[in-house]
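These notes concern the structure reproduced below.
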Amino acid sequence: MKKTSKKSLITIFISLLLLGNTPALSALAEDSLPDIGTTAGATLSINQEMAMGDFYIRSIRAQAPLIYDPLLTQYINNLGHKLVSHADSVKTPFHFYLINNPNINAYAFFGGNVVLHSALLHYSRNESELASVMAHEISHVTQRHLARLIEEQKRTSPIAWAGTLGSILLIMANPQAGMAALSGTLAGFQQSMISFTQSNEQEADRIGMQTLSRAGFDPRGMPNFMQILADQSRYSSTLPEMLYTHPLPDSRLADARNRANQYSAKAVPQSQDFLFARVRILTMYSTNQRPYIDELLKKYSQGTTKEQLAAAYGHVILLSQDKKYTEARAILSPLLDKQPDNIWFIDAMNNIDIGQKQYTSAINRLQDALKKQKNNPVLQFSLANAYFQDKKYSQASQLLFRYTFNHPDDLNGWELLRDTVGKQGKHDEVLAVQAEIMALKGKFDLAIAQLSEASALVKLGSYAQKRYDARIDQLRQLQQSYSQYKK
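So the numbering used here is basically just the index in the sequence shown, starting at one, shifted up by 17.
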């Protein structure tokens with residue numbers, strides 16, 4: 018058999034993880050592919066997959082431009098969990114992340130971690146199209162495709178799977194760093210893996226479309242988005258070479274259209290939250306896109322009622338970015354009066370209040386909103402930030418200690434807590450909080466060093482010292498456990 022080049026080997030492996038990467042072999046009826054996604058237990062247990070997923074997401078946090086926007090994080094996770102609730106064979110919790118990247122891409126890996134590029138919100142025209150990408154990636158996880166790939170490879174020539182996977186995930190999140198990390202460990206791949214990954218893509222399409230339909234979305238969202246992806250691949254020369262894994266997915270697109278046509282026609286109303294999220298990602302996280310943004314907002318302002326609201330929201334964001342708070346408030350106030358519980362509007366008005374140093378107004382609004390939407394993390398974080406901006410550090414830290422306990426993976430909370438306790442002159446707590454930030458990025462040596470310094474600053478035998486020392490032990494155990502995933 019002809020040997021596969023290193024570039025091709027990387028391509029084959031990445032094809033397991035990306036959305037539009039392998040052509041289908043033929044158009045198949047929905048029930049013709051067996052559901053064999055949970056048969057990889059001989060290689061990896063679910064707990065092992067979750068541990069590996071946690072390790073890799075820490076690495077991605079350290080080296081990729083993840084978007085830590087509370088509103089967008091809540092939106093994408095709400096959408097993802099709606100799909101997960103209608104999926105079969107769910108064995109792990111799911112977590113959804115956004116990376117600020119202008120290239121269309123999405124990938125899933127161990128432990129229910131799904132990473133979406135911000136470009137997906139740019140190019141998706143409706144929520145069904147966006148949801149189709151997520152449903153496809155969810156299916157990669159529920160069918161345990163990575164574990165099955167490892168199991169298949171172990172029958173031929175085992176390689177350093179953990180280090181290779183980490184490098185490849187990093188390539189998709191941050192190509193330059195990922196290529197620097199990649200070694201020659203892929204040399205043992207066999208050409209036979211190509212058909213294996215093609216089968217995975219077919220299975221993810223088939224099961225993903227089932228999930229998409231069950232969750233109330235239009236199954237045609239999947240082939241419609243594939244067409245967008247095919248067009249981008251055909252006409253764009255700017256996508257990173259590593260993200261081109263196979264020729265244009267024409268046969269896979271035809272297969273998806275055939276499958277979608279087997280479902281009953283479904284008219285799905287446009288999602289207002291999707292429109293808000295799309296406008297937010299474009300106005301706040303897209304560079305050199307102002308002409309496109311202006312054109313889109315003009316189009317929305319002449320469209321449906323929902324699109325007009327999204328256009329108004331976009332104009333508020335742009336005015337606030339230019340510090341034209343009075344003009345932004347004039348647009349937003351009547352909208353918020355009509356929809357006082359709209360969290361997108363609440364957040365936008367809080368930014369205006371803080372920009373104009375009207376902290377009491379922001380605090381009162383958030384406190385009222387939390388009475389209606391108890392435990393909403395966006396509102397809780399926003400209230401803590403309003404306290405911080407108003408120099409009410411005691412109230413802010415009290416809220417943030419609870420917030421970080423309930424949301425220990427949210428870097429926003431830890432970073433604001435670090436700044437808050439710093440303003441209070443609590444140097445040991447600053448070090449302890451900074452240690453948690455480093456640990457979330459997989460930098461365990463730094464985290465342990467900072468906790469050791471914090472422990473040395475407090476009274477010998479105090480509760481604080483015992484807490485810091487206990488956390489050091491936990492992080493050392495985690496570091497030792499995760500050492501097996503490094504090259």
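Yeah, the Cβ is synthetic: ideal placement off N, Cα and C, and Gly gets one too.
Assuming the contact rule is C-beta atoms closer than 8 Å, residue i and residue j should be a hit. Round their C-beta distance to whole Å, please.
| i | j | result |
| --- | --- | --- |
| Val395 | Ile360 | 6 Å |
| Ala68 | Leu100 | Incorrect: roughly 24 Å between the Cβ atoms, too far for contact. |
| Ala294 | Tyr92 | 5 Å |
| Ile465 | Arg493 | 6 Å |
Using the C-alpha atoms, what's the distance from residue j back to residue i?
| i | j | result |
| --- | --- | --- |
| Ala79 | Tyr317 | 37 Å |
| Ile155 | Glu146 | 14 Å |
| Lys355 | Ala271 | 45 Å |
| Gly129 | Val158 | 6 Å |
| Ser337 | Ser472 | 43 Å |
| Phe398 | Ile77 | 23 Å |
| Leu474 | Glu324 | 55 Å |
| Gln319 | Ala379 | 32 Å |
| Gln467 | Lys483 | 15 Å |
| Ile224 | Arg237 | 14 Å |
| Met226 | Gly70 | 25 Å |
| Asp52 | Gln160 | Annotation note: pLDDT 39 at Asp52 (below 50); position unreliable, no value reported. |
| Ser469 | Asp462 | 11 Å |
| Gly54 | His424 | Here Gly54 scores only 42 on pLDDT, less than 50, and its place in the model should not be relied on; the value that follows carries that caveat. Approximately 31 Å between the Cα atoms of the pair. |
| Ala386 | Gln497 | 44 Å |
| Ser62 | Asn94 | 25 Å |
| Leu495 | Ile489 | 10 Å |
| Asn392 | Tyr342 | 29 Å |
| Tyr499 | Asn64 | 13 Å |
| Lys108 | Ala345 | 46 Å |
| Ile334 | Ile310 | 12 Å |
| Met259 | Phe422 | With a pLDDT of only 26 at Met259, under 50, the local geometry of the prediction cannot be trusted, and no value is derived from it. |
| Lys476 | Glu66 | 40 Å |
| Ala413 | Asn381 | 14 Å |
Candidates the options: which alpha carbon is nearest residue i's?
| i | options | result |
| --- | --- | --- |
| Leu352 | Ala471, Met366 and His139 | Met366 |
| Met243 | Gln219, Thr343, Arg307 and Ala273 | Ala273 |
| Asn275 | Tyr410, Leu292, Gln219 and Phe293 | Gln219 |
| Gly331 | Asp339, Thr321, Lys340 and Leu314 | Leu314 |
| Ala481 | Asp445, Asp105 and Glu453 | Asp445 |
| Ala284 | Ala277, Phe234 and Phe293 | Phe234 |
| Gln441 | Ala148, Ser411 and Asp426 | Ser411 |
| Val150 | Asp490, Tyr309 and Ala221 | Ala221 |
| Leu229 | Leu246, Asn64, Tyr280 and Ala247 | Tyr280 |
| Thr321 | Tyr342, Gln289, Gln306 and Ala282 | Gln289 |
| Ala232 | Gly478, Ala247 and Asp105 | Asp105 |
| Gln114 | Leu96, Gln160 and Ser469 | First, the amino acid is wrong: residue 114 is Tyr here, not Gln. The shortest C-alpha separation from Tyr114 is found at Leu96. |
| Ala347 | Pro357, Asp358, Ile369 and Asp339 | Ile369 |
| Pro240 | Arg75, Asn217 and Ser141 | Ser141 |
| Lys408 | Lys389, Gly439, Asn392 and Asp385 | Gly439 |
| Lys340 | Gln373, Asn217 and Glu312 | Gln373 |
| Asn217 | Leu137, Arg269 and Asn392 | Arg269 |
| Ile245 | Ala136, Met455, Ser479 and Lys443 | Ala136 |
| Glu453 | Ser479, Lys443 and Tyr485 | Tyr485 |
| Gln287 | Gln249, Ala247 and Leu326 | Leu326 |
Taking the CB atoms as reference points, tell me whether residue i and residue j lie closer together than 8 Å.
| i | j | result |
| --- | --- | --- |
| Val132 | Phe111 | no |
| Tyr420 | Ala403 | no |
| His139 | Asn120 | no |
| Pro87 | Ile116 | no |
| Leu349 | Phe362 | yes |
| Phe8 | Tyr85 | Here the chain covers residues 18 to 504 and nothing more, so residue 8 does not appear. |
| Leu433 | Leu417 | yes |
| Leu457 | Leu428 | yes |
| Leu89 | Arg307 | no |
| Lys389 | Asp426 | no |
Quick check on the burial criterion: 16 or more other C-beta atoms within 10 angstroms. Buried or exposed for residue i?
| i | result |
| --- | --- |
| Asn143 | buried |
| Asp364 | buried |
| Gln451 | buried |
| Tyr502 | buried |
| Gly430 | buried |
| Ala487 | exposed |
| Asn305 | exposed |
| Ala282 | exposed |
| Thr300 | buried |
| Ser102 | exposed |
| Lys460 | buried |
| Ser479 | exposed |
| Asn278 | exposed |
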